[in-house]
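In this text, residue positions in the sequence shown follow the numbering used here: the first is 2, and each later residue adds one.
We treat Cβ as the ideally placed atom computed from N, Cα and C, and that holds for glycine.
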Amino acid sequence: MNRQRIEPLEEPAATKRRFHPMQHRPNRSEGSPYFLEKWLLAKILELMGSPAVSFVLWDGQEVTISPATAVARISIRDRDALLRLVANPCLQFGELYCAGRVDVEGNLVEFLEALYQSRSQAPTGGLRQAILDWLNRPSPNNLLRARENIHHHYDIGNDFYKLWLDQQLLYTCAYFPSESTTLEQAQVAKMDHVCRKLQLKPGDQVVEAGCGWGALALHMAKHYGVRVSAYNIAEEQLAYARERARHEGMGGFIEYIEGDYREITGEFDAFVSVGMLEHVGVEHYRMLGDVIDRCLKQNGRGLIHSIGVNQPSLLNPWIERTIFPGAHPPSLGEMMKIFEPANFSILDVENLRLHYARTLEHWLHRYEAAVPRVDEMFGEPFVRAWRLYLSGSMSAFTAGELQLFQVVFTRAANNDIPWTREYLYAHGRGDGKL
2 MNRQRIEPLE
12 EPAATKRRFH
22 PMQHRPNRSE
32 GSPYFLEKWL
42 LAKILELMGS
52 PAVSFVLWDG
62 QEVTISPATA
72 VARISIRDRD
82 ALLRLVANPC
92 LQFGELYCAG
102 RVDVEGNLVE
112 FLEALYQSRS
122 QAPTGGLRQA
132 ILDWLNRPSP
142 NNLLRARENI
152 HHHYDIGNDF
162 YKLWLDQQLL
172 YTCAYFPSES
182 TTLEQAQVAK
192 MDHVCRKLQL
202 KPGDQVVEAG
212 CGWGALALHM
222 AKHYGVRVSA
232 YNIAEEQLAY
242 ARERARHEGM
252 GGFIEYIEGD
262 YREITGEFDA
272 FVSVGMLEHV
282 GVEHYRMLGD
292 VIDRCLKQNG
302 RGLIHSIGVN
312 QPSLLNPWIE
322 RTIFPGAHPP
332 SLGEMMKIFE
342 PANFSILDVE
352 NLRLHYARTL
362 EHWLHRYEAA
372 VPRVDEMFGE
382 PFVRAWRLYL
392 SGSMSAFTAG
402 ELQLFQVVFT
412 RAANNDIPWT
422 REYLYAHGRG
432 DGKL
């Protein structure tokens with residue numbers, strides 16, 4: 002198994018040790034904080050938008066700058082960590098947290114949500130921000146790099162994802178018809194929601210770009226009577242998908258293809274992509290639109306499901322470098338670069354932001370229950386990295402920093418479309434039953 006390791010930053014010799022949050026004791030040998038340290042803490046808060054947090058420094062002294070009641074305390078274990086935070090907080094907070102040189106005492110999700118909500122008060126623009134944006138920019142996402150990026154994230158090993166995803170291994174936003182819906186039920190409901198939007202009927206030919214572990218392709222073939230060509234470049238996912246389809250007797254209805262969206266061939270009644278667009282890169286949206294234009298039949302329908310943002314912006318640099326290399330959640334305006342050049346008509350846009358926040362809440366709860374096993378597999382820096390990633394993602398959706406767009410489209414001259422949205426909520430599939 003190709004296991005990913007998060008390598009911690011090298012600590013100064015005076016403080017280097019394995020980090021155990023509950024066992025840490027201040028190291029007073031480094032001396033007390035001076036005016037400079039307090040000024041730097043104020044600068045960090047300013048860059049963060051002045052959230053209600055306090056700090057505990059390496060000598061044990063607590064420093065509170067905001068008059069509001071702190072939602073969390075940030076422990077900074079050494080002076081070099083403080084300097085790194087000031088230099089590039091968006092990148093260095095994640096790096097230092099994984100290394101145990103920065104920790105959050107309190108509810109991590111609540112702290113990150115407060116941080117996102119305070120960002121509207123943070124200073125923007127200027128030369129410093131321009132330099133940081135340039136330093137933190139993602140690399141161009143050509144075919145070779147796309148394969149490397151996908152392998153980095155999805156070929157960690159199926160055993161890791163089985164610890165905290167639902168039983169069908171759906172690693173995208175679920176759909177919760179009610180508060181009592183379980184994660185397993187919500188993922189089935191999501192697949193039905195997608196299938197109804199595509200108006201699938203028996204005999205349709207469907208192409209899926211980025212099929213993950215194959216659950217949606219299997220669901221479409223099994224419950225809607227369609228034939229599916231499902232593309233993916235993550236080898237472990239494909240092997241799992243093929244074996245599951247064979248085991249359930251659906252191998253003759255689904256072809257799982259090791260290939261990128263750029264390699265799609267043939268003509269299809271429906272195009273679907275769930276959770277793939279984030280990996281494409283805006284510079285390749287025109288190419289994706291050309292691929293869809295080439296493969297979609299005259300009255301074909303398409304659906305793209307993607308994490309997004311309200312305004313074009315860069316992904317958090319720590320997430321882009323450590324968790325999702327090359328990723329870019331688009332704005333709706335950026336997504337139009339897929340559809341407008343090919344003259345596609347947009348039929349429906351839905352934002353499932355709160356559904357993704359709840360999905361992440363389920364994932365985080367399951368992940369925390371599996372932490373002892375994750376630590377055995379990958380080590381403590383990896384455990385902390387994924388805790389921060391899942392907590393930060395949940396907070397970003399709750400605070401409205403991230404969105405979840407489902408966009409349905411067709412060709413401009415296609416008049417064979419519904420007059421109302423009743424078909425989305427018809428009885429039948431979508432009851433959440435496995």
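Under the DSSP assignment, residue 300 falls in the beta strand (DSSP E) whose first and last residues are 297-309. Around the C-beta of residue 55, 16 or more other C-beta atoms lie within 10 Å, and the residue is accordingly described as buried. In the three-state scheme derived from DSSP, where H, G and I count as helix and E and B as strand, residue 407 is classed as strand.
The count of Cβ pairs closer than 8 Å, one atom from the stretch 329-348 and one from the stretch 179-191, stays below three, leaving the stretches out of contact.
Between residue 173 and the set 223, 295, 309, 381, the nearest pair of CA atoms involves 309. Here residue 418 is exposed: its Cβ has fewer than 16 other Cβ atoms, across all protein chains shown, within 10 Å. Using a Cβ distance threshold of 8 Å, residue 228 and residue 299 do not count as a contacting pair.
If you draw a straight line from the Cα of residue 321 to the Cα of residue 355, it comes to about 23 Å. Classified as exposed, residue 350 has fewer than 16 neighbouring CB atoms from the shown chains inside 10 Å of its CB.
The beta carbon of residue 162 is closer than 7 Å to those of 170, 172 in its chain, skipping five residues each way along the sequence.
In the three-state reduction of the DSSP assignment, residue 179 falls in the coil class. Under the 8 Å Cβ criterion, the stretch 309-319 does not count as touching the stretch 199-219, having fewer than three qualifying pairs. In this chain, residue 186 is not harboured by any beta strand (DSSP E); it is covered by the alpha helix (DSSP H) spanning 184-198. Per DSSP, reduced to three states, the secondary structure at residue 233 is strand. In terms of CA proximity to residue 409, 271 leads the group 283, 271, 395, 311.
Shown here, residue 294 sits in a helix according to DSSP, grouped into three states. Assignment of residue 43 by DSSP, reduced to helix, strand and coil, places it in the helix class. Residue state for residue 108 is assigned as coil, using DSSP reduced to three classes. If you draw a straight line from the Cα of residue 407 to the Cα of residue 305, it comes to about 6 Å. According to the DSSP secondary-structure assignment, residue 271 is paired through a beta bridge with 207, 302. Taking 8 Å as the cut-off, the beta carbon of residue 117 is found closer than this to the beta carbon of residue 396. Non-local beta-carbon contacts of residue 191 in its own chain, meaning distances under 6 Å to residues more than five positions away in sequence, involve 175, 176 in chain order.
The residue among 367, 414, 400, 383 with its C-alpha nearest the C-alpha of residue 166 is 367. In the structure shown, residue 400 adopts coil according to DSSP, grouped into three states. About 15 Å separates the beta carbon of residue 258 from that of residue 241, a gap too long to meet the 8 Å contact definition. Residue 45 and residue 207 have their C-alpha atoms roughly 50 Å apart.
The DSSP-derived three-state label of residue 320 is helix. In this structure, DSSP gives residue 172 a state outside helix and strand, which the three-state scheme calls coil. With fewer than 16 other CB atoms across the displayed protein chains lying within 10 angstroms of its CB, residue 248 is exposed. Residue 102 and residue 199 do not touch by the CB rule: their CB atoms are close to 48 Å apart, not below 8 Å.
For the pair residue 331 and residue 283, the CB atoms are nearer than the 8 Å cut-off. DSSP places residue 257 inside the beta strand (DSSP E), whose first and last residues are 255-259. Approximately 6 Å separates the beta-carbon atoms of residue 267 and residue 296; this is inside 8 Å, confirming the contact. In the three-state DSSP reduction, residue 325 falls in the coil class, being neither helix nor strand. Note that the C-beta distance between residue 424 and residue 245 is not below 8 Å. Assigned with DSSP and collapsed to three states, residue 75 falls in strand.
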